[in-house]
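Undergrad: After the structure tokens below, expect a handful of questions from me.
2 protein chains.
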Amino acid sequence: MSTSDLPIRTARKRVVIIGGGFAGLNAAKALHNADVDITLVDRKNHHLFQPLLYQVATATLAPTNIAQPIRSILRDQKNVTVILDQVVGFDLQYKTVKMESGALLTYDYLIVATGATHSYFGHDEWARFAPGIKTIEDAVVIRKSIFLAFENAERQMLETGRYDPLVFAVIGAGPTGVELAGAIADTAKIYLRKDYRLIEPGDARILLIEGLDRVLGPYPAKLSASALKQLQELGVEVMLNTKVLNIEDKLVTTDKGVFPATVIIWAAGVAASPLGKLLGAGVVDKRGCVTVDQYLNPAGHKEVFILGDLAHFEQEGKQVPGVAQTAIQMGNHAARTIAADLGNQERPPFHYFDKGEMATIGRMKAVAQLKWPLKADLTGLPAWFGWLGIHILFLVGLKNRLIVLLQ
Amino acid sequence: MSTSDLPIRTARKRVVIIGGGFAGLNAAKALHNADVDITLVDRKNHHLFQPLLYQVATATLAPTNIAQPIRSILRDQKNVTVILDQVVGFDLQYKTVKMESGALLTYDYLIVATGATHSYFGHDEWARFAPGIKTIEDAVVIRKSIFLAFENAERQMLETGRYDPLVFAVIGAGPTGVELAGAIADTAKIYLRKDYRLIEPGDARILLIEGLDRVLGPYPAKLSASALKQLQELGVEVMLNTKVLNIEDKLVTTDKGVFPATVIIWAAGVAASPLGKLLGAGVVDKRGCVTVDQYLNPAGHKEVFILGDLAHFEQEGKQVPGVAQTAIQMGNHAARTIAADLGNQERPPFHYFDKGEMATIGRMKAVAQLKWPLKADLTGLPAWFGWLGIHILFLVGLKNRLIVLLQ
Numbered sequence: 001m002s003t004s005d006l007p008i009r010t011a012r013k014r015v016v017i018i019g020g021g022f023a024g025l026n027a028a029k030a031l032h033n034a035d036v037d038i039t040l041v042d043r044k045n046h047h048l049f050q051p052l053l054y055q056v057a058t059a060t061l062a063p064t065n066i067a068q069p070i071r072s073i074l075r076d077q078k079n080v081t082v083i084l085d086q087v088v089g090f091d092l093q094y095k096t097v098k099m100e101s102g103a104l105l106t107y108d109y110l111i112v113a114t115g116a117t118h119s120y121f122g123h124d125e126w127a128r129f130a131p132g133i134k135t136i137e138d139a140v141v142i143r144k145s146i147f148l149a150f151e152n153a154e155r156q157m158l159e160t161g162r163y164d165p166l167v168f169a170v171i172g173a174g175p176t177g178v179e180l181a182g183a184i185a186d187t188a189k190i191y192l193r194k195d196y197r198l199i200e201p202g203d204a205r206i207l208l209i210e211g212l213d214r215v216l217g218p219y220p221a222k223l224s225a226s227a228l229k230q231l232q233e234l235g236v237e238v239m240l241n242t243k244v245l246n247i248e249d250k251l252v253t254t255d256k257g258v259f260p261a262t263v264i265i266w267a268a269g270v271a272a273s274p275l276g277k278l279l280g281a282g283v284v285d286k287r288g289c290v291t292v293d294q295y296l297n298p299a300g301h302k303e304v305f306i307l308g309d310l311a312h313f314e315q316e317g318k319q320v321p322g323v324a325q326t327a328i329q330m331g332n333h334a335a336r337t338i339a340a341d342l343g344n345q346e347r348p349p350f351h352y353f354d355k356g357e358m359a360t361i362g363r364m365k366a367v368a369q370l371k372w373p374l375k376a377d378l379t380g381l382p383a384w385f386g387w388l389g390i391h392i393l394f395l396v397g398l399k400n401r402l403i404v405l406l407q
Numbered sequence: 408m409s410t411s412d413l414p415i416r417t418a419r420k421r422v423v424i425i426g427g428g429f430a431g432l433n434a435a436k437a438l439h440n441a442d443v444d445i446t447l448v449d450r451k452n453h454h455l456f457q458p459l460l461y462q463v464a465t466a467t468l469a470p471t472n473i474a475q476p477i478r479s480i481l482r483d484q485k486n487v488t489v490i491l492d493q494v495v496g497f498d499l500q501y502k503t504v505k506m507e508s509g510a511l512l513t514y515d516y517l518i519v520a521t522g523a524t525h526s527y528f529g530h531d532e533w534a535r536f537a538p539g540i541k542t543i544e545d546a547v548v549i550r551k552s553i554f555l556a557f558e559n560a561e562r563q564m565l566e567t568g569r570y571d572p573l574v575f576a577v578i579g580a581g582p583t584g585v586e587l588a589g590a591i592a593d594t595a596k597i598y599l600r601k602d603y604r605l606i607e608p609g610d611a612r613i614l615l616i617e618g619l620d621r622v623l624g625p626y627p628a629k630l631s632a633s634a635l636k637q638l639q640e641l642g643v644e645v646m647l648n649t650k651v652l653n654i655e656d657k658l659v660t661t662d663k664g665v666f667p668a669t670v671i672i673w674a675a676g677v678a679a680s681p682l683g684k685l686l687g688a689g690v691v692d693k694r695g696c697v698t699v700d701q702y703l704n705p706a707g708h709k710e711v712f713i714l715g716d717l718a719h720f721e722q723e724g725k726q727v728p729g730v731a732q733t734a735i736q737m738g739n740h741a742a743r744t745i746a747a748d749l750g751n752q753e754r755p756p757f758h759y760f761d762k763g764e765m766a767t768i769g770r771m772k773a774v775a776q777l778k779w780p781l782k783a784d785l786t787g788l789p790a791w792f793g794w795l796g797i798h799i800l801f802l803v804g805l806k807n808r809l810i811v812l813l814q
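Sequences listed follow chains A and B, in order. So in the numbering used here, the last one in the first sequence is 407, and the numbering has no gaps at all. So in the numbering used here, the last one in the second sequence is 814, and the numbering has no gaps at all.
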């Protein structure tokens, strides 16, 4: 047999995915039948179910309940190699990604989905006094500071017969701030009720400080109003139209006054991952997001996809919301686009499908605006059950589902 | 009514317990019906199920599965106040304990049960290269180093096409070392088998280095022989009669040769908590344990009890073993003694009741010598089921029991 009898074999296309969050992970999974070699790089070894992070901060869930090794999620998908590493540079001309370890990855398709981190609006010095909540480590730090506050008060009472009032200040009343404030109220007023002999945990004050005129700014006004009412029923003091001017150790200065606080938590600003700028393609907006076209590509690079919180994608004149649903849909879409290319088909444009919004406010309270599979604005207990069901369904892996239910 | 008509009320006796491990916690619980005021002090807020710590180090269990807030365990026991603090001094004459926070606790009865920590036999400089495993934080550090070793090898393979052999060295073949070596072998050879594309986790070498001539030194010879055989079946390389001379970064020097190792874990020496010396009562042995009489009191102090790993108590000429059973029985006994005093009854002497010993060696392998409720030497699968049942029964709280079973 001469070599000319052999079938012509082209090398398999190489897909490099940076980031194992909702977007990157779903892109990899949606490519499971594609004839490609995928390398997924993340600087952490776990995929994090970020929407439940606030429950780790209040000790309702353990870190391992909402984090799962990316490697084990993709265990049975033979076309994926998972690497723990960090990107230090892109060369878009030579289609190469440079890693901190020194490794060079070459690609035919590059997916960048490294998400967002918290931003202190130029006041990084506030971070020491008001930690944000984006990673497992953040949540564990906040959890410690919340529970230490009660412990210290009990000890102070034993020693001196009095204790400094407990005040928890949450800054920012988006979904994370609202859920966190509600969970802290539940912790103080319900879960810890019988745990202390000398102090009264239920006397703790929970302040929720927001610059806008309502909580849950991106949600419909009706849900915001309902969330406000439910927060107030839980005893959370919601301060709207209140701008934070300065944060020091146990002290929040606002345009409405100065508030001493035992624990301060930052749930306000969000900035895109610095990889958006590092990429050097497309237009980067002021939050660091890369503007993408209807195929999720930055200008001039059809082989590069920017997904999830790192993408600036507008639909009907509005940027799509930075939620898990958006990231999942974008991940699936990028995979579909690559499959279309491989099959010489036309690329489909991306369309964000809004299934609705929800937030939980303490135990058994929530707000939800469902748009799919049915249209409904829910509040209170029905919304909470909806929230519970959807979040448990989303959690990766059966074992974790069972454990989360038990807790 | 004149004051002389009132019944004479004496102040309630105050019991101060230092340490919320098996001994201290069980002493507090056994005093639940006693007419005393108990203050339990611990420098951590959680009770730790230490016998399962090695499972956290190998990611089989999450930290929260084996740790539970002392405060919530004692929630419904109204005569206990739990304080997070650290002892800095004892005044046995004035029956006062001084705390780091500045608080002074006065007592009628003092129970000191602060356990043991690891000891590097005067070579504390080894700690950096070979962490020990006594706390949740220790276990998390070891877990990270084990899993990072595999991640680094996969990345090295991607970058250079080869990787340094993976070697895990466990020093000390007591129960902890044996259980840890078995669990690491399972992790490498079973759990991670399908997780990597470029390296072969099962090729990892696991060295178990022991100075004595057998594993599980304190156990009967027959069980030691069986444990050795089971370890070897799992692929663990057991090196007996081997003295460690030096430990450096990724290098163990012994009298039998020098062994490079990716991860080194210290499971050898144990020293008592420094509070034994600080107390200034009774005879302190070379490991720092305080010698106690048949009532668990140090010489000259009938109102002070030393319990658990901190106590040096001899029965039939031998020191009782430093295991959870000993601590639990001592805690219950101290409570019984205090109750006897309050009821003007004679104090009962302590007698350690040996229910047997067991150790698990990887998944579905174990050795056990049961003495109660039935006498039996078990090995292999029957021993493993016995181990599983007893450990799950011991775990505090129903929720954790269910979760541990699921995992």
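Idealized CB from N, CA, C, for every residue including glycine.
Can you tell me the Cα-Cα spacing of G19 of chain A and G269 of chain A, whole angstroms?
TA: Straight-line Cα distance between these residues: approximately 21 Å.
Undergrad: Counting only beta-carbon separations shorter than 8 Å, does A103 of chain A have a partner in chain B?
TA: True, the Cβ-Cβ gap to chain B drops below 8 Å.
Undergrad: Give the interface partners of R482 of chain B over in chain A, defined as CB-CB distance under 7 Å, in chain order.
TA: Residues of chain A passing the Cβ test: K194, D195.
Undergrad: Identify each residue in the region 560-585 of chain B for which the Cβ-Cβ distance to at least one residue of chain A is less than 7 Å, and report them in chain order.
TA: Answer set for the region 560-585 of chain B: E561, R562, L565, E566.
Undergrad: Hey, does T64 of chain A have any beta-carbon neighbour from chain B nearer than 8 Å?
TA: Answer yes: the Cβ-Cβ gap between T64 of chain A and chain B drops below 8 Å somewhere.
Undergrad: Which residues in the same chain have their Cβ closer than 8 Å to the Cβ of L587 of chain B, if we skip the five residues on either side of it in sequence?
TA: Result list for L587 of chain B: Y461, A464, T465, I540, V577, I672, A674, in chain order.
Undergrad: Just checking my contact of A742 of chain B with A523 of chain B at CB under 8 Å: how many whole Å lie between their CB atoms?
TA: With a Cβ gap of about 22 Å, A742 of chain B and A523 of chain B do not count as contacting.
Undergrad: Compute the beta-carbon to beta-carbon distance between M564 of chain B and L599 of chain B, rounded to the nearest angstrom, for a pair I have assumed lies under 8 Å.
TA: So it is not a contact: roughly 14 Å between Cβ atoms.
Undergrad: Examine the Cβ distances between the region 90-103 of chain A and the region 282-295 of chain A and report whether three or more of them are shorter than 8 Å.
TA: No contact exists between the region 90-103 of chain A and the region 282-295 of chain A.
Undergrad: Consult DSSP for F313 of chain A and reduce its assignment to one of helix, strand or coil.
TA: DSSP places F313 of chain A in coil when its eight states are reduced to three.
Undergrad: Using 8 Å as the limit for Cβ to Cβ distance, is D748 of chain B near chain A?
TA: It does not; no Cβ of chain A falls within 8 Å.
Undergrad: Quick one: is P165 of chain A buried, meaning 16 or more other Cβ sit within 10 Å of its Cβ, or exposed?
TA: Answer is exposed; the Cβ neighbour count stays below 16.
Undergrad: Helix, strand or coil for G122 of chain A, going by three-state DSSP, please let me know.
TA: The answer is coil: DSSP assigns G122 of chain A none of H, G, I, E or B.
Undergrad: Using a Cβ-Cβ cut-off of 7 Å (strictly less than) and excluding sequence neighbours within five positions of Y759 of chain B, which residues of its own chain qualify?
TA: For Y759 of chain B, where only same-chain residues beyond five positions count, the Cβ hits under 7 Å are Q722, V727, T733, Q736.
Undergrad: Given a limit of 7 Å on CB to CB distance, which residues of the region 138-154 of chain A reach chain B?
TA: Listed by position along the chain: F147, E151, E154.
Undergrad: Tell me the start and end of each unbroken alpha helix (DSSP H) in the region 603-689 of chain B that is at least 4 residues and wholly inside, in chain order.
TA: DSSP runs (the alpha helix (DSSP H)) wholly in the region 603-689 of chain B: 628-640, 682-686.
Undergrad: Using CA atoms only, rank isn't needed, just tell me which of B:A441, B:D449, B:R450, B:F456 is closest to Q484 of chain B.
TA: Of B:A441, B:D449, B:R450, B:F456, the residue nearest in Cα terms is B:A441.
Undergrad: Can you list, in chain order, the stretches of the beta strand (DSSP E) that have 3 or more residues and sit fully within the region 451-527 of chain B?
TA: Fully enclosed beta strand (DSSP E) runs of 3 or longer: 453-455, 474-476, 487-491, 494-498, 503-506, 511-513, 516-519, 523-526.
Undergrad: Would you list, in chain order, the members of the region 80-96 of chain A that have their beta-carbon closer than 9 Å to a beta-carbon of chain B?
TA: Result list: V80, T81, V82, I83, L84, D85.
Undergrad: Output, in chain order, the set of chain B residues within a Cβ distance shorter than 9 Å of L25 of chain A.
TA: What L25 of chain A touches in chain B: nothing, since even the nearest Cβ is about 15 Å away.
Undergrad: With distances taken from CA atoms, which of A:T81, A:V80, A:M99, A:V82 is nearest V88 of chain A?
TA: The option with the nearest alpha carbon to V88 of chain A is A:M99.
Undergrad: Reducing DSSP to helix, strand and coil, say where S2 of chain A ends up.
TA: Summary for S2 of chain A: the model assigns pLDDT 46, below 50, so the residue's position carries little reliability, and this model does not support an answer.
Undergrad: Return the bridge partner residues of Q726 of chain B from the DSSP annotation.
TA: DSSP lists B:E721 as partners of Q726 of chain B.
Undergrad: Going by DSSP in three states, T583 of chain B sits in which element: helix, strand or coil?
TA: If DSSP states are grouped into helix, strand and coil, T583 of chain B belongs with the helices.
Undergrad: If you drop the 5 nearest sequence neighbours on each side, which residues of the same chain put their C-beta closer than 7 Å to that of I654 of chain B?
TA: Taken in chain order, the residues that qualify are W533, F536, A537, I671.
Undergrad: Can you list the residues of chain C that R71 of chain A reaches, using a CB-CB cut of under 8 Å?
TA: This model lacks chain C altogether, as its protein chains are A and B.
Undergrad: In chain B, which residues lie with their C-beta within 9 Å of the C-beta of N45 of chain A?
TA: Ordered by position in chain B, the residues that pass the 9 Å Cβ test against N45 of chain A are F554, L555, E558.
Undergrad: Just reading off the alpha helix (DSSP H) that K144 of chain A is part of, what are its end residues?
TA: Looking at the DSSP string, the run of the alpha helix (DSSP H) that includes K144 of chain A is 136-160.
Undergrad: Helix, strand or coil: which one does DSSP assign to L447 of chain B?
TA: In the structure shown, L447 of chain B sits in a strand (DSSP, three-state: E or B).
Undergrad: Roughly how many whole angstroms lie between the Cα atoms of K302 of chain A and D108 of chain A?
TA: Cα-Cα distance, rounded: 10 Å.
Undergrad: Does the distance from the C-beta atom of L614 of chain B to that of E644 of chain B stay below 8 Å?
TA: Result yes, Cβ atoms of L614 of chain B and E644 of chain B sit closer than 8 Å.
Undergrad: Using three-state DSSP, classify G589 of chain B as helix, strand or coil.
TA: Note: G589 of chain B maps to helix in three-state DSSP.
Undergrad: What did DSSP end up calling G331 of chain A once you bin it into helix, strand or coil?
TA: The answer is helix: DSSP assigns G331 of chain A an H, G or I state.
Undergrad: Which word fits P298 of chain A, buried or exposed, when buried means at least 16 other C-beta atoms lie within 10 angstroms of its C-beta?
TA: With 16 or more Cβ atoms within 10 Å of its Cβ, P298 of chain A is classed as buried.
Undergrad: To the nearest angstrom, how far is the alpha carbon of R419 of chain B from that of E137 of chain A?
TA: If I take the Cα positions, the gap works out to 45 Å.
Undergrad: Between the alpha carbons of E357 of chain A and Y219 of chain A, how many angstroms are there, rounded?
TA: Distance between the alpha carbons of E357 of chain A and Y219 of chain A: 7 Å.
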